[in-house]
Amino acid sequence: MMTIAAARLIPPGCVCFVGIGIPSAAANLARLTHAPDIVLVYESGSIGTEPKVLPLSIGDGELAETAAAVVSLPEIFSYWLQAGRMDLGFLSAAQIDRFGNLNTTVIGDYRRPKTRLPGAGGAPEIAQHAKQIFIVLKQSPRSFVANLDFCTSAGFLTGRGERARREISGAGPQVVITDLGILKPASGSEELTLVASYDGISVGRICAATGWPLAVADTVEVVPPPTLGELCVLRDLQKRTQVAHAGSVLAQREMHRLLQTQV
Amino acid sequence: MQLGTLQEVIDEYVDDGQSVALEGFTHLIPFAAGHEILRQKKRELHLIRMTPDLIYDQLIGAGCARELTFSWGGNPGVGSLHRLRDAVENDWPQPLKINEHSHAGMAAAYTAGAARLPFGMLRGYVGTDLSQVNGQIREVHCPYTDAAVAAVRAINPDVTVLHAQAADRQGNVLIRGIVGAQKEAALAARTLIVTVEEVVESLSAPMNAIVLPHWVVTAIAVVPMGAYPSYAHGYYARDNAFYRRWDEIARDRDTFTNWITRHVVRSRDHAEFLDSLAEAA
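Protein chains in written order, with this note's numbering: chain A, 147 to 409; chain B, 7 to 287.
Right, dumping it as structure tokens:
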């Protein structure tokens with residue numbers, strides 16, 4: 147449902163900087179449903195790619211083969227992202243706070259971490275330069291925390307215009323899509339506020355899954371359940387992906403060698 | 007440019023204590039060269055790579071590294087690099103000093119290194135805690151507008167190792183597909199080693215292709231499937247199933263050590279390594 151809810155929010159025609167996992171699935175679902183003209187840019191340097199299967203890594207060959215252009219990393223991050231050419235950036239994290247700041251670096255103390263996470267990757271500059279940010283993240287008191295253990299990527303920092311005062315070019319997180327509902331920053335305070343929930347999920351349950359007293363909008367809308375069409379397209383995409391990723395590269399090498407010895 | 011076996015080239019050009027960058031952004035990762043470094047028991051290396059990937063997980067777990075400069079240390083699409091985590095969280099098998107960047111910052115640091123500038127610049131790291139834990143991320147002010155800009159110290163590895171599709175007989179190297187920051191890492195280094203799928207009569211390179219001319223290449227070794235389980239565009243695909251399987255192998259210290267001994271240490275070269283994996287499958 148997270149994937150489908152995220153896909154629905156992607157505006158047609160937008161230039162979308164995507165990472166692996168739900169962002170990639172959501173962006174491709176949008177491309178295959180309501181937004182066939184969106185431009186997908188992966189940080190591996192693939193611009194305008196149209197993959198038939200979802201990539202496992204950010205640099206799968208599929209992305210380069212179906213791209214309009216493939217550029218180097220220094221180029222993708224400077225001429226394309228930093229220059230403000232990306233309409234939308236998708237991010238996820240291990241921890242988020244009420245102002246949409248994200249931690250993907252460590253749980254616990256930096257020098258003596260309880261859990262060492264992968265780290266920053268493209269996120270800090272995506273968070274800084276994409277015109278707007280969508281965040282996709284499962285909601286629990288462990289991930290929605292009052293205080294981050296480490297700030298990897300800036301959201302609204304301390305809120306109330308702090309992001310603008312620091313002259314950060316992009317507008318920051320515009321929506322947080324969780325497995326329970328949808329949050330948006332309130333105008334003025336910039337604090338994340340519950341604006342919609344999925345069918346059958348109570349506001350109380352969503353508040354209980356949040357590590358701070360969650361602000362709730364006056365009217366909390368209900369997100370319409372997935373349509374049959376959306377489910378079919380998504381399942382089809384996932385099935386193609388599974389088959390593609392299970393192929394054995396070493397078996398191909400064996401076969402190649404057998405063919406050569408027969409000749 | 008010198009043409010040799012991988013064994014000779016690593017023996018001659020990689021020394022204990024050096025800074026070494028095995029670059030390749032998910033594509034063309036020089037796995038065979040990394041395994042040869044491991045086999046030759048190089049120690050106290052400062053490893054540099056934007057995405058440490060499985061190859062540095064292996065070198066760190068095998069005790070080859072004292073320091074790591076990186077920008078994203080996970081198993082793409084799968085999860086953690088367990089050996090990297092164990093080193094940072096528990097100092098196993100030895101303490102690992104880390105210098106961590108964002109991708110944009112590290113790309114800028116390589117670019118500066120290639121141009122022999124003292125530092126690279128970017129509009130980045132604003133509002134993050136990264137500059138507090140990495141002394142190689144600082145701030146400078148524009149001499150014209152006084153705007154604050156992030157400054158990252160240039161990266162100039164002692165040795166950069168790349169894998170590429172092909173070289174010609176003179177030693178010119180062609181790289182195509184997803185090219186990451188390979189060209190920058192190559193030109194930032196003092197010594198450049200390249201493994202290739204094959205040597206060809208002519209590269210037939212398109213006019214604007216990425217070609218590293220033979221006179222910047224220190225040594226070349228021919229290693230078919232030298233990027234496996236990463237991939238070489240036009241030759242073989244990424245073994246995504248292996249990347250998934252790695253999670254289980256690397257999770258436990260003994261399982262990891264047994265795997266390294268059986269498949270990497272006991273194999274004389276990359277072809278034997280691939281054979282041993284195929285047998286085990």
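The C-beta atom is built at its ideal place from N, Cα and C for all residues, glycine as well.
Between the C-alpha atoms of residue i and residue j, what's the straight-line distance to the nearest angstrom?
i, j, result
"Ala211(B)", "Ala227(B)", "20 angstroms"
"Ile279(A)", "Arg268(B)", "46 angstroms"
"Ser203(A)", "Gln171(B)", "20 angstroms"
"Asp253(B)", "Arg399(A)", "23 angstroms"
"Asp275(B)", "Gln138(B)", "43 angstroms"
"Ser299(A)", "Lys330(A)", "18 angstroms"
"Tyr360(A)", "Ala115(B)", "For clarity, residue 360(A) is Leu in the given sequence; the question names Tyr instead. For Leu360(A) and Ala115(B), the distance between alpha carbons rounds to 41 angstroms."
"Arg154(A)", "Glu367(A)", "15 angstroms"
"Leu351(A)", "Val341(A)", "Strictly speaking, residue 351(A) in this sequence is Arg, with Leu absent from that position. About 14 angstroms."
"Leu227(A)", "Ala277(B)", "41 angstroms"
"Asp260(B)", "Leu102(B)", "20 angstroms"
"Val223(B)", "Ala195(B)", "10 angstroms"
"Arg122(B)", "Asn105(B)", "20 angstroms"
"Ser108(B)", "Leu404(A)", "45 angstroms"
"Ala71(B)", "Asp97(B)", "12 angstroms"
"Ala332(A)", "Ser315(A)", "19 angstroms"
"Ala390(A)", "Phe125(B)", "42 angstroms"
"Glu29(B)", "Tyr62(B)", "11 angstroms"
"Asp382(A)", "Gln388(A)", "10 angstroms"
Can you tell me whether residue i is helix, strand or coil according to DSSP?
i, result
"Leu374(A)", "helix"
"Glu29(B)", "coil"
"Thr267(B)", "helix"
"Ala173(A)", "helix"
"Asp281(B)", "helix"
"Glu207(B)", "coil"
"His169(B)", "strand"
"Val222(B)", "helix"
"Asp260(B)", "helix"
"Gly240(B)", "coil"
"Glu189(A)", "coil"
"Arg262(A)", "strand"
"Ala227(B)", "strand"
"Thr149(A)", "helix"
"Ala276(A)", "coil"
"Ile196(B)", "Looking at the sequence itself, residue 196(B) is Arg, so the reference to Ile does not match. Correct three-state label for Arg196(B): coil."
"Leu51(B)", "strand"
"Ile181(B)", "strand"
Interface residues of chain B around residue i at Cβ under 8 angstroms?
i, result
"Val216(A)", "Gly183, Ile184 and Val185"
"Ser335(A)", "Residues of chain B passing the Cβ test: none, with the nearest at roughly 18 angstroms."
"Leu303(A)", "Gly133"
"Gly167(A)", "Gly83"
"Asp255(A)", "Those within 8 angstroms of Asp255(A) in chain B number zero; the least Cβ separation is about 11 angstroms."
Does any C-beta atom of chain A lie closer than 9 angstroms to the C-beta of residue i?
i, result
"Tyr131(B)", "yes"
"Pro235(B)", "yes"
"Glu254(B)", "no"
"His109(B)", "yes"
"Ala287(B)", "yes"
"Met327(B)", "Summary: the structure shown does not reach residue 327(B), with chain B confined to residues 7 through 287, and so no result is reported for it."
"Tyr116(B)", "yes"
"Phe125(B)", "no"
"Val94(B)", "yes"
"Val179(B)", "no"
Under 9 angstroms, Cβ to Cβ, is there at least one residue of chain B near residue i?
i, result
"Arg288(A)", "no"
"Val322(A)", "no"
"Asn247(A)", "yes"
"Ala210(A)", "yes"
"Arg309(A)", "yes"
"Val395(A)", "yes"
"Glu196(A)", "no"
"Gln278(A)", "no"
Can you list the residues of chain B that residue i reaches, using a CB-CB cut of under 9 angstroms?
i, result
"Leu202(A)", "Pro82, Gly83, Val84, Arg244, Asn246, Tyr249 and Arg250"
Starting from the beta carbon of residue i, find every residue of chain B whose beta carbon is closer than 7 angstroms, and list them in chain order.
i, result
"Phe296(A)", "Asp135"
Given that residue i touches chain A, what residues does it touch there, using C-beta distances under 9 angstroms?
i, result
"Leu128(B)", "Phe223, Ser224, Gln228 and Glu271"
Just to make sure I have the definition right: I need the residues of chain A whose C-beta is within less than 7 angstroms of the C-beta of residue i. Which are they?
i, result
"Trp3(B)", "Since the first residue shown for chain B is 7 and the last is 287, residue 3(B) is missing from the structure and cannot be characterised."
"Ala113(B)", "Leu219, Pro220 and Phe223"
List the residues of chain A whose Cβ lies closer than 8 angstroms to the Cβ of residue i, in chain order.
i, result
"Arg91(B)", "Thr261 and Arg262"
"Thr201(B)", "Per Cβ cutoff of 8 angstroms: no residues; Thr201(B) is ~17 angstroms from chain A at best."
Practice problem: Can you check the stretch 70-107 of chain B for any alpha helix (DSSP H) of at least 4 residues that lies completely inside it and give the ranges in chain order? | Solution: 88-96
Quiz prompt | Any alpha helix (DSSP H) of 4 or more consecutive residues that is wholly inside the stretch 101-140 of chain B | solution = 109-120 and 136-139
Exercise. Report the residue ranges of all alpha helix (DSSP H) runs contained in full by the stretch 331-400 of chain A; include only those spanning at least 4 residues, in chain order.
Key: 349-354 and 374-392
Quiz prompt | Within the stretch 285-319 of chain A, ranges of the alpha helix (DSSP H) (whole runs, at least 4 residues) | solution = 308-311
Self-check item: Within the stretch 210-256 of chain A, ranges of the beta strand (DSSP E) (whole runs, at least 3 residues)
Solution: 234-237 and 252-254
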